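Please read the structure below before turning to the comments.
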Amino acid sequence: MNTYPFIEARKPQVTASGGRVNASRPSGPPTTPAATAPPGPHAVRNAELTKQITAVHQRSRGTYGAPRAHAVLQREGAGCGRRRVARLMRRAGIADDTAPPLPTRTRQPALT
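Per numbering that gives the first Met the number 0, the very first residue in the sequence shown carries number 0; after that it's consecutive.
Below, the structure is given as structure tokens:
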């Protein structure tokens with residue numbers, strides 16, 4: 000017998016199948032108020048910015064990446080950071096239409 004009943008009461012229980020179950024955590028869907036709360040102001044602003052970024056990207060016919068899209072948004076008055084624009088573009092699956100890389104040009108050694 001353990002002299003620490005608190006520890007004994009908190010030890011994981013063993014199920015009939017042999018798996019371990021943590022008795023201190025309930026299973027199932029989250030029931031906290033945050034799980035059912037409306038999105039916060041940052042998430043709402045991200046959604047608005049994503050719409051604006053998508054519009055800028057479509058106006059540029061898919062050629063603008065994050066730096067140029069950020070510059071256009073700054074000119075239009077939508078204050079946000081370049082990294083935030085890049086992150087939102089990645090999450091939305093928006094990418095610039097880049098040209099394929101040019102072939103590497105090397106000089107052939109002289110045949111002597």
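Note that beta-carbon positions come from the ideal geometry of N, C-alpha and C, so glycine has one too. Predicted, not measured: the structure shown is a model, and the values here were computed from it.
The stretch 72 to 86 and the stretch 96 to 109 do not touch, with fewer than 3 CB-CB distances between them shorter than 8 Å. Taking all protein chains in view, the Cβ of H56 is crowded by 16 or more other Cβ atoms within 10 Å, so the residue is classified as buried. Per the coordinates, the alpha-carbon of P102 lies some 43 Å from the alpha-carbon of H41. Per DSSP, reduced to three states, the secondary structure at T53 is helical.
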